[in-house]
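Asks: Numbering (this note's numbering), first residue to last: 556 to 743.
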Ligand SMILES: NC(=O)c1ccc[n+]([C@@H]2O[C@H](COP(=O)([O-])OP(=O)(O)OC[C@H]3O[C@@H](n4cnc5c(N)ncnc54)[C@H](OP(=O)(O)O)[C@@H]3O)[C@@H](O)[C@H]2O)c1
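1. Report whether the distance from the Cβ of residue 646 to the nearest heavy atom of ligand 1 is below 8 angstroms.
2. Use the C-beta contact count for residue 571: other C-beta atoms within 10 angstroms, 16 or more gives buried, fewer gives exposed.
3. What residues in its chain sit with their C-beta under 6 angstroms from that of residue 646, if we drop five residues either side in the sequence?
4. When burial is assigned at 16 or more other CB atoms within 10 Å of the CB, is residue 720 buried or exposed?
5. Contact between the segment 723-734 and the segment 685-699 is defined here as three or more beta-carbon pairs at a separation below 8 angstroms; is this criterion met?
6. Helix, strand or coil for residue 577 per DSSP?
7. Looking only at its own chain, which residues have a Cβ that is under 6 angstroms from the Cβ of residue 605, when we skip the five neighbours before and after it?
8. Would you say residue 696 and residue 725 are within 9 angstroms of each other, going by their C-beta atoms?
9. For residue 615, is the beta carbon positioned less than 8 angstroms from some heavy atom of ligand 1?
10. If you follow the alpha helix (DSSP H) that residue 615 is in, where does it begin and where does it stop?
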């Protein structure tokens, strides 16, 4: 009996759906946006750098763009408020916990401990009313700083707190799905 694969035709998985990628101008965010377009989604990209954003939007024929710092809660809120229609999925790749030395000034330490967690919380707050009930929020975390090591006090605290935050957001926002991808760098 032949075991050759038989090509099958399938519907694009995201046909007619809208995906927002914060930040979709580079890296994992841009690649996610490319794949969402290939699956038939309309894609809206955000990012800080207008030129990079425009280049990415042009490459994938994005539906729209918005240039702002995702850590700015006011701009983030306005962005979601100003979306004309309900959206289906939000992917958040912007920001990352900082690897900061113990000696940094207290105010910097406060930012480094809170920035990435607050970004997720603010996206959840701002996007909740705009994502349809079958939709999802997907956040990027990592595994690199889960184990204690000298120099990782702050980044490691944020990294282990992130799954707890996302699990609680999932319960609060249900039936919208809220997931965390804990990616692992191949070369740390
Ligand atoms: N790549 C990996 O192997 C890996 C592994 C584990 C976890 N991760 C995590 O996955 C996420 C994405 O990683 P990546 O490799 O795709 O990063 P990347 O290639 O550096 O891209 C990150 C993008 O986010 C934008 N960005 C950063 N801070 C932002 C902010 N406050 N507001 C808006 N945009 C912002 C950057 O653009 P501008 O600077 O121009 O704004 C850049 O376009 C990060 O959280 C990273 O820690 C990555």
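By construction, the Cβ of each residue, glycine as well, lies at the ideal position given by its N, Cα and C atoms. Here the structure is a predicted model, which means the values were calculated and not measured.
Replies: From the atom records:
1. For the purposes of this step, residue 646 is identified with residue 91 of the chain shown, where counting begins at 1. For ligand 1, not one heavy atom lies less than 8 angstroms from the Cβ of residue 646.
2. Indexing the chain shown from 1 puts residue 571 at position 16. The Cβ neighbour count for residue 571, taken over all protein chains shown within 10 Å, is under 16; the residue is labelled exposed.
3. Counting from 1 along the chain shown, the entry for residue 646 is found at position 91. Cβ neighbours of residue 646 within its own chain (closer than 6 angstroms, five residues either side excluded): 576, 587 and 693.
4. Within the chain shown, residue 720 is the residue found at index 165, counting from 1. So residue 720 counts as buried.
5. The segment 723-734 vs the segment 685-699: in contact.
6. Stepping through the chain shown from its first residue, residue 577 is reached at position 22. Of the three classes helix, strand and coil, the one that applies to residue 577 here is strand, per DSSP.
7. Residue numbering aside, residue 605 sits at position 50 when the chain shown is read from its first letter. 622, listed in sequence order.
8. Counting from 1 along the chain shown, the entry for residue 696 is found at position 141. Counting from 1 along the chain shown, the entry for residue 725 is found at position 170. Annotated as distal: residue 696 and residue 725, with beta-carbon spacing of 9 angstroms or more.
9. Taking the chain shown and counting its residues from 1, the one referred to as residue 615 is at position 60. Not so, every heavy atom of ligand 1 lies at least 8 angstroms from the Cβ.
10. Taking the first residue of the chain shown as position 1, residue 615 is located at position 60. Judged by DSSP secondary structure, residue 615 falls within the alpha helix (DSSP H) whose first and last residues are 605-615.
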